[in-house]
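2 protein chains.
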Amino acid sequence: MPTPTRTTNEAVVAAARELLEAGGPAALTMQAVAGRVGVRAPSLYKRFQDRDALLAAVASATADELGARFEAAAPDLPQLAAVYREFAHRHPEAFRLIFTASVAPMALQRSVEPVIRTVAGMVGEDHALDAARLVTAWATGFLQLEIAGAFRLGGDIDAAFEYGLRTLIAGLVAGSGREC
Amino acid sequence: MPTPTRTTNEAVVAAARELLEAGGPAALTMQAVAGRVGVRAPSLYKRFQDRDALLAAVASATADELGARFEAAAPDLPQLAAVYREFAHRHPEAFRLIFTASVAPMALQRSVEPVIRTVAGMVGEDHALDAARLVTAWATGFLQLEIAGAFRLGGDIDAAFEYGLRTLIAGLVAGSGREC
DNA sequence: ACCTGAACACCGTTCAAGT
DNA sequence: ACCTGAACACCGTTCAAGT
Chain X
1 MPTPTRTTNE AVVAAARELL EAGGPAALTM QAVAGRVGVR APSLYKRFQD RDALLAAVAS
61 ATADELGARF EAAAPDLPQL AAVYREFAHR HPEAFRLIFT ASVAPMALQR SVEPVIRTVA
121 GMVGEDHALD AARLVTAWAT GFLQLEIAGA FRLGGDIDAA FEYGLRTLIA GLVAGSGREC
Chain C
181 MPTPTRTTNE AVVAAARELL EAGGPAALTM QAVAGRVGVR APSLYKRFQD RDALLAAVAS
241 ATADELGARF EAAAPDLPQL AAVYREFAHR HPEAFRLIFT ASVAPMALQR SVEPVIRTVA
301 GMVGEDHALD AARLVTAWAT GFLQLEIAGA FRLGGDIDAA FEYGLRTLIA GLVAGSGREC
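Sequence order for the protein chains is X and C.
Residue numbering for the first sequence is 1 to 180, as defined by our numbering.
Residue numbering for the second sequence is 181 to 360, as defined by our numbering.
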């Protein structure tokens with residue numbers, strides 16, 4: 001008779017996310033993930049083609065969660081920025097993973113839509129995409145540098161984030177509306 | 181009698197950089213690096229404590245090279261941005277490596293100095309650090325997203341980069357001088 | 001149908017032994 | 001003094017054999 005399944009894709013991805021966040025990518029081994037869901041490593045290959053596919057699933061799940069928080073924060077740009085930063089602080093490893101070449105590009109498309117919508121409301125449809133790319137590039141770079149510990153020259157990081165957001169908005173508004 | 185050395189740290193790092201750029205981090209194995217400099221893997225441990233130390237040396241060499249190009253481009257912000265982008269395009273893997281947590285934070289400090297100097301000339305010393313962080317965060321994030329293939333919604337990427345730089349400068353100038 | 005033990009290839013790393 | 005063969009631990013992955 002057909003044997004009932006002993007775990008689920010969701011449980012596997014959840015276990016992988018925990019291991020990733022706890023010990024970085026090196027800790028996300030097939031054996032460790034399998035152990036967490038009560039199975040042996042070879043069984044995982046029934047669900048994911050290989051480790052890269054599992055990483056992609058983790059990235060995708062992370063992007064979906066982020067997208068949901070963006071959805072709740074739009075169309076308030078400072079709120080979007082705050083949500084993004086808090087998410088990166090809480091899941092630094094998953095945050096990094098999302099922007100890894102092999103994995104993520106597609107997973108992000110949907111989650112970024114609330115950002116485009118928000119920015120479009122500020123600068124108009126014509127520059128919406130360019131402006132969204134400006135804002136996401138800044139925030140993503142800032143958080144990546146912050147997480148990597150690259151801000152070593154002192155100063156208040158929170159204040160630098162506020163300054164960046166404020167200055168960015170000033171530039172967006174100045175560039176879109178009439179000049180003075 | 182003392183055996184003459186069969187390679188140098190510089191040659192090892194150069195070989196590592198080539199392998200990294202050609203095949204990503206996974207291709208940078210101790211055996212492959214050793215093979216490229218005509219030696220066996222265990223010999224590398226005389227020069228670098230472990231693979232992570234070698235990666236750190238690669239990151240450091242990359243950051244130094246980038247710093248030299250920044251030095252030549254300062255204090256022209258658009259020129260700095262163009263140099264940065266060209267460097268990222270030509271060495272995407274090394275560029276990514278620089279911002280990996282375990283490796284790089286310190287290697288960047290010196291190379292970023294020309295950027296701070298340039299930005300200070302635009303907004304004054306008071307906001308120099310915040311403004312430099314805004315600019316580097318934007319550029320780094322943009323390039324990372326571009327390299328990762330995350331800009332999938334169409335549009336002209338070159339134009340988006342120009343737009344970002346222009347808008348950023350507008351914000352910086354508006355925020356520093358008197359308002360209107 | 002699903003799971004696993006055993007096996008293979010590959011990698012990082014150590015160390016005693018070579019020259 | 002420097003280098004290396006051999007060995008060890010560990011990982012990703014495959015597959016025939018179990019239930």
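Cβ coordinates follow ideal geometry from the N, Cα and C atoms, glycine included.
task: Assign C:L333 to buried or exposed, taking buried as 16 or more other Cβ atoms, counted over all protein chains shown, within 10 Å of its Cβ.
output: Within the second sequence, residue 333 of chain C is the residue found at index 153, counting from 1. It counts as exposed.
9 Å Cβ cut-off: residues of chain X touching C:Q324: Position 144 of the second sequence, counted from the start, is the residue given in the question as residue 324 of chain C. Residues of chain X passing the Cβ test: F99, A137, T140, G141, Q144.
Contacts of X:T167 in chain C (Cβ-Cβ under 7 Å): Numbered from 1 along the first sequence, position 167 holds the residue referred to as residue 167 of chain X. Residues of chain C passing the Cβ test: L314, G351, L352, G355.
field: Whole-Å CB distance - X:L44 paired with X:S111, under 8 Å assumed
entry: In the first sequence, counting from the first residue as 1, residue 44 of chain X sits at position 44. In the first sequence, counting from the first residue as 1, residue 111 of chain X sits at position 111. X:L44 to X:S111, Cβ: 26 Å. No contact.
- request: Compare the C-beta of X:A56 against all C-beta atoms of chain C and say whether one is closer than 9 Å.
  value: Here residue 56 of chain X corresponds to residue number 56 of the first sequence, with the count starting at 1. Not an interface residue.
- prompt: With 9 Å set as the bound, which would you pick, yes or no: does the beta-carbon of X:Y163 sit closer than that to a beta-carbon of chain C?
  reply: The sequence position of residue 163 of chain X within the first sequence is 163, counting from 1. Answer yes: the Cβ-Cβ gap between X:Y163 and chain C drops below 9 Å somewhere.
Chain-ordered chain C contacts of X:D50 [CB-CB under 7 Å]: Indexing the first sequence from 1 puts residue 50 of chain X at position 50. Neighbours of X:D50 on chain C: none; closest Cβ ~13 Å, over 7 Å.
- request: Could you tell me how far apart the beta carbons of C:R249 and C:I327 are, in whole angstroms, since I believe they sit closer than 8 Å?
  value: Residue mapping note: residue 249 of chain C aligns to position 69 of the second sequence, counting from 1. Residue mapping note: residue 327 of chain C aligns to position 147 of the second sequence, counting from 1. So it is not a contact: roughly 17 Å between Cβ atoms.
field: Residues near C:A319 by beta carbon distance below 7 Å, same chain, minus five either side
entry: Sequence index remark: in the second sequence, residue 319 of chain C carries index 139 (1-based). Excluding residues within five positions, the ones whose Cβ falls inside 7 Å are A261, Y264.
task: Jot down the residue ranges of each uninterrupted alpha helix (DSSP H) in the stretch 109-145 of chain X, minimum 4 residues, whole runs only, in chain order.
output: 113-123
- prompt: Closest by CA to C:A202, which one among C:D230, C:M302, C:A274, C:A340?
  reply: Residue 202 of chain C sits at position 22 when you count from the first residue of the second sequence. The shortest C-alpha separation from C:A202 is found at C:A274.
Proximity to X:V115 [Cα-Cα], best of X:L108, X:A88, X:A74: The residue you call residue 115 of chain X lines up with position 115 of the first sequence. Per the Cα distances, X:A74.
- request: Starting from the beta carbon of X:A160, find every residue of chain C whose beta carbon is closer than 8 Å, and list them in chain order.
  value: Numbered from its first residue, the first sequence carries residue 160 of chain X at position 160. Under the 8 Å cutoff, chain C gives L309, D310, R313, L314.
query: Are the Cβ atoms of C:V257 and X:G171 separated by less than 9 Å?
result: The residue given as residue 257 of chain C occupies position 77 in the second sequence. The residue given as residue 171 of chain X occupies position 171 in the first sequence. Reading off the sequence, residue 257 of chain C comes out as Leu, not Val. No.
query: X:M30 to X:P42, Cα distance in whole Å?
result: Counting from one through the first sequence, the residue named residue 30 of chain X turns up at place 30. Counting from one through the first sequence, the residue named residue 42 of chain X turns up at place 42. Computed Cα separation, rounded: 8 Å.
- request: Pull out every residue of the stretch 240-256 of chain C whose Cβ sits closer than 8 Å to any Cβ of chain X, in chain order.
  value: none
query: C:G208 by DSSP, collapsed to three states: which one?
result: On the second sequence, position 28 is the one that residue 208 of chain C refers to. Reading off the sequence shown, one finds Leu at residue 208 of chain C, where the question assumed Gly. If DSSP states are grouped into helix, strand and coil, C:L208 belongs with coil.
field: Same chain, Cβ closer than 6 Å to X:A174, five either side skipped, listed in chain order
entry: Translated into the one-based positions of the first sequence, residue 174 of chain X becomes position 174. Answer for X:A174: no residue qualifies.
message: Classify X:D183: buried if its beta carbon has 16 or more other beta carbons within 10 angstroms, exposed otherwise.
response: Within the shown structure, residues of chain X are numbered from 1 to 180, placing residue 183 of chain X beyond reach of any answer.
- request: Would you verify that the beta carbon of C:G335 is, or is not, closer than 9 Å to some beta carbon of chain X?
  value: Within the second sequence, residue 335 of chain C is the residue found at index 155, counting from 1. Answer yes: the Cβ-Cβ gap between C:G335 and chain X drops below 9 Å somewhere.
query: Is it true that the CB of X:L108 sits closer than 9 Å to the CB of C:A317?
result: Here residue 317 of chain C is taken as the residue at index 137 of the second sequence, counted from 1. Here residue 108 of chain X is taken as the residue at index 108 of the first sequence, counted from 1. No, Cβ-Cβ distance for C:A317 and X:L108 is not below 9 Å.
query: By Cβ distance, which residues of its chain are closer than 8 Å to C:V299, with the 5 residues on each side in sequence left out?
result: Walking along the second sequence from the start, residue 299 of chain C turns up at place 119. Hits under 8 Å: L257, A308, A311, A312, V315, L352.
- prompt: Excluding sequence positions up to five away, which residues of its chain have a Cβ less than 8 Å from the Cβ of C:Q259?
  reply: For the purposes of this step, residue 259 of chain C is identified with residue 79 of the second sequence, where counting begins at 1. Within the same chain, C:Q259 has close Cβ partners A253.
message: Less than 9 Å between CB atoms is the rule here; does X:R17 satisfy it with respect to chain C?
response: Here the question's residue 17 of chain X lines up with position 17 in the first sequence. It does not; no Cβ of chain C falls within 9 Å.
message: Looking only at its chain, what residues have a beta carbon closer than 7 Å to the beta carbon of X:D158, apart from the 5 residues adjacent to it on each side?
response: For the purposes of this step, residue 158 of chain X is taken as residue 158 along the first sequence, with counting starting at 1. Taken in chain order, the list of residues that qualify is empty.
query: Cα separation between X:F151 and C:P205?
result: Within the first sequence, the letter at position 151 stands for residue 151 of chain X. Within the second sequence, the letter at position 25 stands for residue 205 of chain C. If you take the alpha carbons of X:F151 and C:P205, they lie about 25 Å apart.
message: Helix, strand or coil, according to DSSP, for C:Q259 in the structure here?
response: Locating residue 259 of chain C in the second sequence gives position 79, where the first residue counts as 1. In this structure, C:Q259 counts as helix in the three-state DSSP scheme.
message: Helix, strand or coil, according to DSSP, for X:H89 in the structure here?
response: On the first sequence, residue 89 of chain X is found 89 positions in, with the first residue counted as 1. Here X:H89 sits in helix by DSSP.
- request: Would you please state the rounded distance, in angstroms, between the beta carbons of X:L28 and X:A14? I believe it to be under 8 Å.
  value: Here residue 28 of chain X refers to the residue found at position 28 when the first sequence is read from its first residue. Here residue 14 of chain X refers to the residue found at position 14 when the first sequence is read from its first residue. Actually they are not in contact, since the Cβ atoms of X:L28 and X:A14 sit about 12 Å apart, beyond 8 Å.
- request: For the alpha helix (DSSP H) containing X:E69, list its first residue and its last residue.
  value: On the first sequence, residue 69 of chain X is found 69 positions in, with the first residue counted as 1. Checking the displayed sequence, the identity of residue 69 of chain X turns out to be Arg instead of Glu. First-last of the alpha helix (DSSP H) with X:R69: 51-73.
query: Going by C-alpha distance, which of X:I98, X:A160, X:V12, X:F87 is nearest X:G35?
result: Here the question's residue 35 of chain X lines up with position 35 in the first sequence. Closest by alpha carbon: X:V12.
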